[in-house]
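This report refers to the structure that appears directly beneath it.
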Amino acid sequence: MLVWTTVKAAMRSLFANKLRSFLAMLGIIIGVGAVISMLALGAGARKQILGRVTSMGTNLLIVRPGSNPMGGVRSGSMETLRLEDAQAILRKVEGVWQLSPLAMGRAQVTYTNQNTNTTVMGAAGTYFSIRSFEIEKGRPFTSVEEERSGRVAVLGSSVAELLFGKQDPLGEKIRVKTVNFKVIGVLKSKGDQGWFNPDDMVLTPHSTAMALVFGQIHLNEIDVQAREGADLKEVETGIEEVLRARHRLRPGEENDFFVRNQAEILEMASSFSRTFTILLGGIASISLLVGGIGIMNIMLVTVTERTREIGVRKAIGARNKDILRQFLIESLLISGMGGIFGIGLGIAAALAIGAFSEFQTVVSLGSVALALLVSASVGVFFGLYPARRAARMNPIEALRYE
Amino acid sequence: MMLETRGLKKTYILGETTVHALDGVDVDIAEGEMAAITGPSGSGKSTLMHILGCLDTPDEGTYILAGEDVSRLSGDQLASIRNRRIGFVFQSFNLLPRLSALENVELPLLYGGRKDARGAAENALATVGLGDRMGHLPAQLSGGQRQRVAIARAIVTDPAILLADEPTGNLDSVTGREILALLGRLNSQGRTVILVTHDPSVAASCSRQIRIRDGRVAEGD
Numbered sequence: 001m002l003v004w005t006t007v008k009a010a011m012r013s014l015f016a017n018k019l020r021s022f023l024a025m026l027g028i029i030i031g032v033g034a035v036i037s038m039l040a041l042g043a044g045a046r047k048q049i050l051g052r053v054t055s056m057g058t059n060l061l062i063v064r065p066g067s068n069p070m071g072g073v074r075s076g077s078m079e080t081l082r083l084e085d086a087q088a089i090l091r092k093v094e095g096v097w098q099l100s101p102l103a104m105g106r107a108q109v110t111y112t113n114q115n116t117n118t119t120v121m122g123a124a125g126t127y128f129s130i131r132s133f134e135i136e137k138g139r140p141f142t143s144v145e146e147e148r149s150g151r152v153a154v155l156g157s158s159v160a161e162l163l164f165g166k167q168d169p170l171g172e173k174i175r176v177k178t179v180n181f182k183v184i185g186v187l188k189s190k191g192d193q194g195w196f197n198p199d200d201m202v203l204t205p206h207s208t209a210m211a212l213v214f215g216q217i218h219l220n221e222i223d224v225q226a227r228e229g230a231d232l233k234e235v236e237t238g239i240e241e242v243l244r245a246r247h248r249l250r251p252g253e254e255n256d257f258f259v260r261n262q263a264e265i266l267e268m269a270s271s272f273s274r275t276f277t278i279l280l281g282g283i284a285s286i287s288l289l290v291g292g293i294g295i296m297n298i299m300l301v302t303v304t305e306r307t308r309e310i311g312v313r314k315a316i317g318a319r320n321k322d323i324l325r326q327f328l329i330e331s332l333l334i335s336g337m338g339g340i341f342g343i344g345l346g347i348a349a350a351l352a353i354g355a356f357s358e359f360q361t362v363v364s365l366g367s368v369a370l371a372l373l374v375s376a377s378v379g380v381f382f383g384l385y386p387a388r389r390a391a392r393m394n395p396i397e398a399l400r401y402e
Numbered sequence: 403m404m405l406e407t408r409g410l411k412k413t414y415i416l417g418e419t420t421v422h423a424l425d426g427v428d429v430d431i432a433e434g435e436m437a438a439i440t441g442p443s444g445s446g447k448s449t450l451m452h453i454l455g456c457l458d459t460p461d462e463g464t465y466i467l468a469g470e471d472v473s474r475l476s477g478d479q480l481a482s483i484r485n486r487r488i489g490f491v492f493q494s495f496n497l498l499p500r501l502s503a504l505e506n507v508e509l510p511l512l513y514g515g516r517k518d519a520r521g522a523a524e525n526a527l528a529t530v531g532l533g534d535r536m537g538h539l540p541a542q543l544s545g546g547q548r549q550r551v552a553i554a555r556a557i558v559t560d561p562a563i564l565l566a567d568e569p570t571g572n573l574d575s576v577t578g579r580e581i582l583a584l585l586g587r588l589n590s591q592g593r594t595v596i597l598v599t600h601d602p603s604v605a606a607s608c609s610r611q612i613r614i615r616d617g618r619v620a621e622g623d
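Just so you know, the protein sequences line up as chains A and B, in that order.
Position one of the first sequence corresponds to residue 1 (my numbering), numbered consecutively onward.
Position one of the second sequence corresponds to residue 403 (my numbering), numbered consecutively onward.
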């Protein structure tokens with residue numbers, strides 16, 4: 001029997017029961033729609049995270065103090081990093097192009113009657129290029145201001161807007177904790193990066209932040225930028241050697257600091273987003289399973305209803321496999337059409353989520369192909385039992401069925 | 403012989419009792435004959451028809467159809483025999499409601515893998531006098547017309563035997579006579595026709611009557 005004839009017959013029987021066929025499809029439509037939109041959400045999150053990590057700057061290594069071992073429980077950060085450590089790294093480690101020592105913390109920032117609690121970032125002038133910050137207006141701080149603990153500040157765009165509104169902040173005096181700073185520049189907006197919003201901060205020279213704002217002699221972080229083409233792994237080893245020597249760590253003793261390079265951060269972020277995608281996709285595929293059960297239910301009803309037709313077809317020469325094929329094609333059509341509508345629904349949902357929420361969504365061709373494949377397999381898998389039942393009917397009993 | 407059975411036996415177990423539906427049936431039907439199989443209900447008439455129609459196989463005995471032993475075939479082999487050798491006409495027509503008359507008649511040819519299905523089906527419908535109703539759905543046809551479509555479907559594969567099970571049972575007497583006349587005409591063109599009926603007046607239209615009683619042939623010819 002020609003496949004096309006069978007497909008035509010199956011289409012006809014689906015159209016003869018429009019509502020029932022639609023309801024059978026609905027489960028698959030919703031299931032596929034959910035899978036597509038969830039995978040799109042996952043892929044969007046991945047793209048967003050990778051984008052953020054990349055926007056941190058290239059060839060970046062981050063040195064942070066180790067956490068405090070207290071009776072086996074690690075809590076808080078040690079105060080082991082010093083300005084001298086940063087200077088030693090710059091001097092001694094091969095492949096280091098520039099670095100910025102960082103001292104940071106939250107502080108109250110005031111201008112006239114406006115005030116906000118924000119991150120105060122004590123950094124070197126190199127920080128702007130290491131982290132690819134651009135100056136919207138004004139200028140970054142100079143090395144003279146860095147050395148002499150100049151009371152100058154560069155504002156993140158949202159801080160500037162909050163404190164000054166439409167007014168030009170350049171040259172104005174703001175107060176950080178109890179210290180007055182002169183605003184010399186405003187950063188171009190970078191957008192929220194999830195764990196850290198670079199628009200919501202005030203940059204000052206690190207010496208000023210350490211001495212006047214936080215009153216600390218340790219650093220919270222050193223951002224190191226390697227030379228273009230340098231081996232990040234080698235630079236990392238170099239930094240470790242210099243710091244271990246400076247901190248007089250004996251061989252075998254654990255580092256009291258740690259170094260992360262951007263590749264590791266990327267790896268971490270992408271493995272996180274992969275887990276996230278699998279989780280979302282997994283939850284969504286449960287609804288596909290439910291859709292499949294719905295198809296099986298409808299197909300069982302259809303087979304019972306058409307027992308007599310099966311008897312007639314067998315009497316005039318249909319073999320078991322002809323009957324099997326007929327009902328399999330029917331369930332495949334239900335799930336396949338459900339899959340196609342579901343893809344439409346999923347793409348629409350993904351676009352809607354992308355447009356009306358803060359999440360990005362990316363519908364990949366792969367997820368569409370996967371959804372089609374899965375819905376077809378659902379049709380075959382859940383259609384197989386009803387189809388076999390039809391195929392194995394005894395023609396005499398089937399012909400007698402009322 | 404077109405059809406030849408020897409010692410056909412078929413036994414059913416219904417609960418505690420064993421029913422000998424067929425208890426050694428010998429039947430010979432020659433090519434071109436028109437025979438009626440008659441008998442009261444419970445006589446084994448239906449069981450014999452199922453076996454002659456290759457819908458079922460006997461427990462014992464042999465059945466030779468058009469020179470081929472078909473008594474021990476598998477389900478799919480029987481399906482192929484039914485497709486090529488047997489044309490069924492049922493009491494309740496048994497047309498597929500969503501297919502047009504032409505498509506119903508084409509169906510056996512499609513299952514047989516024939517390529518000229520359309521033309522052969524058109525010829526068969528013309529033979530039964532429905533050349534002008536090919537595109538109609540069964541629901542748009544009268545009872546007599548539906549039975550004619552069923553007969554066209556039965557002869558379209560040019561089978562060895564035409565097996566009609568109470569073909570007039572659902573028709574009024576005038577239409578019933580027309581259908582019998584059509585079967586008679588097909589017989590006179592050389593087709594072997596077997597009618598299964600409990601109606602003596604229908605059986606009387608056949609040249610030969612095979613009476614079944616208690617699973618045996620109680621022949622009167």
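For every residue, glycine included, the Cβ atom is placed at its ideal position computed from N, Cα and C.
Nothing here was measured: the structure is a model prediction, and the numbers come from that model.
Looking at C-alpha atoms only, which residue of the options is the closest neighbour of residue i?
i, options, result
"A:ASN180", "A:THR112, A:VAL242, A:ALA230", "A:THR112"
"A:ASN255", "A:ILE343, A:LYS166, A:THR126, A:GLY66", "A:GLY66"
"A:ALA123", "A:GLU330, A:SER377, A:HIS218", "A:HIS218"
"B:ALA552", "B:MET451, B:THR594, B:LEU584", "B:LEU584"
"A:GLY281", "A:ALA9, A:SER21, A:ALA40", "A:ALA40"
"A:ASN404", "B:GLU508, B:ARG500, B:LEU480", "It is not possible to answer for residue 404 of chain A, since the shown part of chain A is limited to 1 through 402."
"A:ARG248", "A:ALA230, A:THR80, A:GLY51", "A:THR80"
"A:LEU372", "A:GLY317, A:GLY125, A:GLY311, A:LEU288", "A:LEU288"
"B:GLY617", "B:GLY434, B:MET451, B:GLU433", "B:MET451"
"A:VAL93", "A:LYS321, A:THR142, A:ALA245", "A:ALA245"
"B:GLY571", "B:THR529, B:VAL507, B:SER494", "B:SER494"
Confirm, please, whether the CB-CB distance from residue j to residue i is below 9 Å.
i, j, result
"A:LEU278", "A:ILE28", "Before going on, a small fix: residue 278 of chain A reads as Ile here, not Leu. Not in contact: A:ILE278 and A:ILE28 (Cβ atoms no closer than 9 Å)."
"A:GLU136", "A:GLY191", "no"
"A:SER189", "A:ASP199", "yes"
"A:GLN87", "A:LEU162", "no"
"B:ILE596", "B:ARG550", "no"
"A:ASN59", "A:GLN216", "no"
"B:LEU527", "B:ALA503", "yes"
"A:LEU155", "A:PRO169", "yes"
"A:ALA160", "A:VAL176", "no"
"A:SER149", "A:PRO205", "yes"
"B:THR559", "B:ASN506", "no"
Straight-line CA distance for residue i to residue j?
i, j, result
"B:GLY514", "A:ARG325", "15 Å"
"A:VAL3", "B:LEU512", "10 Å"
"B:ALA523", "B:GLY409", "38 Å"
"A:MET121", "A:ARG91", "24 Å"
"A:MET201", "A:GLY33", "41 Å"
"A:VAL35", "B:GLN542", "46 Å"
"A:ILE323", "A:THR307", "11 Å"
"A:ASP85", "A:GLY44", "39 Å"
"B:LEU475", "A:ALA9", "30 Å"
"B:GLY463", "B:GLU406", "11 Å"
"B:LEU532", "B:ARG579", "17 Å"
"A:ASP231", "A:ARG131", "19 Å"
"A:LEU14", "A:LEU328", "13 Å"
"B:ASN625", "A:VAL312", "With chain B running from 403 to 623 in the structure shown, residue 625 of chain B is simply not present."
Quick check on the burial criterion: 16 or more other C-beta atoms within 10 angstroms. Buried or exposed for residue i?
i, result
"B:GLY455", "buried"
"A:THR118", "buried"
"B:GLN591", "exposed"
"A:PHE133", "buried"
"A:LEU399", "buried"
"A:ILE293", "exposed"
"B:PRO510", "buried"
"B:VAL576", "exposed"
"A:GLU402", "exposed"
"A:SER143", "exposed"
"A:ALA315", "buried"
"A:SER367", "buried"
Give me the chain E residues within the contact set of residue i, using Cβ-Cβ distance strictly less than 8 Å, ordered along the chain.
i, result
"B:TYR513", "The chain labelled as chain E is not found among the protein chains of the depicted structure, namely A and B."
If contact is defined by three or more beta carbon pairs under 8 Å, each pair taking one atom from either stretch, is the stretch 599-619 of chain B in contact with the stretch 439-450 of chain B?
yes
Cβ contact (3+ pairs, closer than 8 Å) linking the stretch 221-239 of chain A and the stretch 267-275 of chain A:
no
Taking 8 Å as the cut-off, does the stretch 414-422 of chain B touch the stretch 558-565 of chain B (at least 3 CB pairs, one atom from each stretch)?
no
Specify whether the stretch 480-490 of chain B and the stretch 448-462 of chain B touch according to this definition: at least 3 beta carbon pairs, one from each stretch, less than 8 Å apart.
yes
Is it a yes or a no for the stretch 331-349 of chain A touching the stretch 423-435 of chain B, going by three-plus beta-carbon pairs under 8 Å?
no
Would you check if the stretch 329-345 of chain A and the stretch 377-386 of chain A touch, i.e. whether three or more CB-CB distances between them fall below 8 Å?
yes
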